[in-house]
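Q: I have a structure I would like to understand better, so I am pasting it below and will then ask my questions one at a time.
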Amino acid sequence: MTDPNTPPPDRPEIVHHTTINNPAPRSGGGGFLGFLIGGLVVVVIIIGVVLMMRGGEIETPKATDVDINLNLPDAPKMPDLPNPPPVDPPTLPEPAPAPAPAG
Numbered sequence: 049m050t051d052p053n054t055p056p057p058d059r060p061e062i063v064h065h066t067t068i069n070n071p072a073p074r075s076g077g078g079g080f081l082g083f084l085i086g087g088l089v090v091v092v093i094i095i096g097v098v099l100m101m102r103g104g105e106i107e108t109p110k111a112t113d114v115d116i117n118l119n120l121p122d123a124p125k126m127p128d129l130p131n132p133p134p135v136d137p138p139t140l141p142e143p144a145p146a147p148a149p150a151g
């Protein structure tokens with residue numbers, strides 16, 4: 049067996065390292081989001097003002113009597129279904145199992 053703490057025998061003499069540069073987080077950038085939310089607030093306020101200036105409730109019609117007469121053709125007659133095949137009822141194994149003891 050080999051010692052798991054020893055490096056592999058084919059390890060190169062020069063080991064190259066990879067450097068990862070993480071840029072600093074950008075500050076700001078919330079101007080567009082603020083402009084978008086502000087625009088949505090203005091649109092909601094305009095819709096509210098328009099609805100309030102209409103005079104309140106929506107008028108409902110006085111009469112709602114509607115007479116609809118449709119002359120539909122009769123549906124075609126469905127074909128008769130065939131008789132199902134005979135099936136024997138299930139049976140219990142012989143001898144029948146004993147009932148469970150009470151207790």
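Just so you know, the numbering used here puts 115 at position 67 of the sequence shown, and the rest follows in order with no gaps. For each residue, glycine too, the CB sits at the ideal point set by N, CA and C. Just so it is clear, the structure is predicted and the values come from calculations on it, not from any experiment.
(1) Give the straight-line distance between the Cα atoms of E107 and M101, rounded to the nearest whole angstrom.
(2) How is G78 classed by DSSP in three states: helix, strand or coil?
(3) Given this structure, state the Cα-to-Cα distance separating G96 from G87, to the nearest angstrom.
(4) Rounded to a whole number of angstroms, what is the C-alpha to C-alpha distance between N70 and P57?
A: So, from the data block:
(1) Here residue 107 is taken as the residue at index 59 of the sequence shown, counted from 1. Here residue 101 is taken as the residue at index 53 of the sequence shown, counted from 1. If you draw a straight line from the Cα of E107 to the Cα of M101, it is about 15 Å long.
(2) By one-based count along the sequence shown, residue 78 stands at place 30. Note: G78 maps to coil in three-state DSSP.
(3) Along the sequence shown, one-based indexing puts residue 96 at 48. Along the sequence shown, one-based indexing puts residue 87 at 39. Their backbone Cα atoms lie some 14 Å apart in a straight line.
(4) For the purposes of this step, residue 70 is taken as residue 22 along the sequence shown, with counting starting at 1. For the purposes of this step, residue 57 is taken as residue 9 along the sequence shown, with counting starting at 1. Straight-line Cα distance between these residues: approximately 34 Å.
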